[in-house]
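To start, the structure itself, in structure tokens.
This is the structure in structure tokens:
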């Protein structure tokens, strides 16, 4: 039973068809996540349970093999270049018509394929029946009815997939075109045999794509001038006979064949129970007046649980554990008799630095638990539907709303959440805009400063900072749309999946992945950054350890940098130094003030701040804190999601410049008015 | 008439799919092809986009894009 031959299996299907659930059922926890080379599209791989030699790769969910979004390009390139040993094409049997559209395209690839008809439990419950053996015969590929969420039929699916892969069972050549389209495809197929072979493309696929007018395929075939002319002639001929254009003709041809297949195999008695229930739930959740209040209510509860109840409790526990561990390590190091410098490096540098970042972990895990529940249940798609009109004004789609909202809690999970956006352009823009949302780590800074300067107008100052973050991100969004991301936004044509109960396994695996992502980051980039800051703080330029932080390299840098901030009103070196340490975590801004001013606690800081700032300068400083480059953890996330240091550094620099300009305007205007 | 003019709850048959490029391809891929029955299920709270029901699933598109689709209303 233990098959040992190494086979590669590609898992392909529409978004929301249960692909990830099936992937999790097939692989259990033996999976790893990475990125496809060059693009930030998630790549998941794992070996099938009890079949160690069989690797399944979970490709991005797509509706068709036309390469428009980065997901579609990735999937198509993988199939054409990597040539997996078998495809599992999973489809949602409750909307079999639309799902078979992709199947027909996959059948042209000359790769062994098995069709997994998912959600068969729902189909049966609704009284619909699908004639499996007839469907198998009509499509010429093995068909296995399954229910991924209930783990039904997956054993049989595995067996048949491995068999198809090992015996290289190709789909039967079924001609699903007729009439003029048929003539066009076949004439072109005759013409391009050699070129298709040289380009390593399946002939039938290449011919179909040419009829469809697919640019990348045309280019990769290196056709000669006369062949291009003949092809143009054939296509013109087809278009004039059908009185429609090539794209519509092909889509129509596929759907017409699907119609025939479904008429012969699907006996439909009624809509599924789940679908009817979905429509009812939707009447409330996307209600004309209640939709937005309900959404805000849901997000409020999520935030309250994440950053309030659970978050604080778990963060507290974790912090206590880290403190214990630090104290214990410190003791052991002292007993082992290590040098003061090494002791300080390990305890004050690594432990404190990584520890402070690590305290984000519970927040991230909890937030992602809620997010994947919202996503898997189908609610996120509704949020996009409800909020689209608002976000379109800055060139984004409704889908960007949720990540930006999470940014008010913490940019790190917000940036990680942009993974759910289907368009690479939207994703990049959202990543650049999110850090302007005032994250919760900036709250201690606001609290200290408002206490020191604006005790009467506390709420007003806080509110104005939040609003300023939003305004700046809107303006920046408009600017990006006019400059770097000029391209047309990807069309907002989105499926609203039925509401379904999220599978606990998927939610847990998702949480684990994000936690792992974050931990890897904490121990690489953040690790290095904290050591650098520690070194700057602990040594002077002669590399002697300093006892007074005023003599350190960090303070020197702060003094060096302070003239930059003079036009903004806070040219004091302590402010500049605090902004530098604020890069490890925004909470560090206040603690740095405390250290540099020899203040014993926060109330002492509050009392002493008025020696350094006037209220106007303080507000300018707050503005800068709100807008300038985010903490190391967020920077690391940006770097990872934007896919490179260069773009990430550009993003950080742009953000800092925006912060500088905004603070400048506020301070100078303030001086002028007051 | 145009799809954006079809009233909520009403059903039409698609006659012609206009538009161009990626958007049009996407509409066709999603099953918006001539002779398909399509129902306008609802309008988003802010008046745009709209939710459609076709081929036994729900799809949402923007009003600007719906304007490019010609339908013939089905009087039931």
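Residue numbers (our numbering), protein chains in the order written: chain A, 1 to 674; chain B, 1001 to 1076. Glycine included, every Cβ here is placed at the ideal spot set by N, Cα and C.
- Nearest to residue 179 of chain A by alpha-carbon distance, out of A:366, A:216, A:237, is A:237.
- Under the 10 Å beta carbon count, residue 623 of chain A is surrounded by 16 or more other beta carbons and is classified as buried.
- Secondary-structure assignment with DSSP links residue 290 of chain A through no beta bridge to anything.
- Non-local C-beta neighbours of residue 171 of chain A in its own chain, meaning closer than 6 Å and more than five positions away in sequence, comprise 107, 113, 140, 141, ordered along the chain.
- In the DSSP annotation of this structure, residue 1044 of chain B is not part of any beta strand (DSSP E), being labelled neither H nor E.
- Residues 28 of the same chain have their beta carbon placed closer than 6 Å to that of residue 49 of chain A, with the five preceding and five following residues left out of the count.
- Contact with chain A is absent for residue 1068 of chain B, since none of that chain's Cβ atoms lies less than 8 Å from the residue's Cβ.
- For a Cβ distance threshold of 9 Å, residue set 1042, 1044, 1045, 1051 of chain B lies close to residue 286 of chain A, ordered along the chain.
- Within the DSSP secondary-structure output, residue 117 of chain A pairs in a beta bridge with A:91, A:145.
- Residue pairing from DSSP places residue 129 of chain A in a beta bridge opposite A:267.
- A direct Cα-Cα distance of roughly 12 Å separates residue 311 of chain A from residue 368 of chain A.
- Within the model, the alpha-carbon separation for residue 111 of chain A versus residue 83 of chain A is close to 7 Å.
- Here residue 498 of chain A carries a coil assignment [DSSP, helix/strand/coil].
- Residue 227 of chain A and residue 411 of chain A have their C-alpha atoms roughly 54 Å apart.
- What residue 292 of chain A touches in chain B, judged by beta-carbon distance under 9 Å, is 1045, 1046, going in chain order.
- Cβ-Cβ distances below 6 Å link residue 300 of chain A to nothing in the same chain once the five nearest sequence neighbours on each side are left out.
- Using a Cβ distance threshold of 8 Å, residue 498 of chain A and residue 378 of chain A count as a contacting pair.
- The CB of residue 1061 of chain B comes closer than 9 Å to the CB of 491, 492, 493, 494 in chain A, given here in chain order.
- DSSP, read as helix, strand or coil, puts residue 224 of chain A in coil.
- When DSSP reads this structure, residue 65 of chain A sits in no beta bridge, so it has no partner.
- In the structure shown, residue 1001 of chain B falls within a coil segment according to DSSP collapsed to helix, strand and coil.
- Exclusion of the five residues before and after residue 450 of chain A leaves 458, 461, 462 as the residues of its chain whose Cβ lies within less than 7 Å of its Cβ.
- Closest in C-alpha terms to residue 628 of chain A, from the list A:653, A:643, A:610, comes A:653.
- Beta bridge pairing from DSSP links residue 1070 of chain B with B:1002, B:1016.
- Between residue 1011 of chain B and chain A, the shortest Cβ-Cβ separation is not below 8 Å.
- By the Cβ criterion, the region 71-83 of chain A is in contact with the region 54-63 of chain A, since at least three pairs of Cβ atoms, one from each stretch, lie closer than 8 Å.
- DSSP places residue 96 of chain A in the uninterrupted alpha helix (DSSP H) bounded by 96-106.
- Annotation for residue 645 of chain A: the continuous alpha helix (DSSP H) segment containing it runs 645-673.
- Residues of chain A whose Cβ lies closer than 9 Å to the Cβ of residue 1039 of chain B do not exist, since the nearest Cβ in that chain is about 11 Å away.
- When 8 Å is used as the limit between beta carbons, residue 1023 of chain B is near these residues of chain A: 491, 493, in chain order.
- Chain order gives no chain A residues near residue 1072 of chain B, where near means a beta carbon separation below 7 Å; the closest approach is about 16 Å.
- Under a criterion of Cβ atoms nearer than 7 Å, no residue of chain A is adjacent to residue 1008 of chain B; the nearest Cβ is some 10 Å distant.
- In the DSSP assignment, residue 320 of chain A falls within the unbroken alpha helix (DSSP H) covering 310-336.
- Taking a cut-off of 8 Å on C-beta distances, the region 426-444 of chain A touches the region 466-484 of chain A, as three or more cross pairs fall below it.
- Contact between residue 120 of chain A and residue 93 of chain A holds: CB atoms are separated by about 6 Å, below the 8 Å threshold.
- Below the 7 Å Cβ cutoff, chain A contributes 493 as neighbours of residue 1027 of chain B, in chain order.
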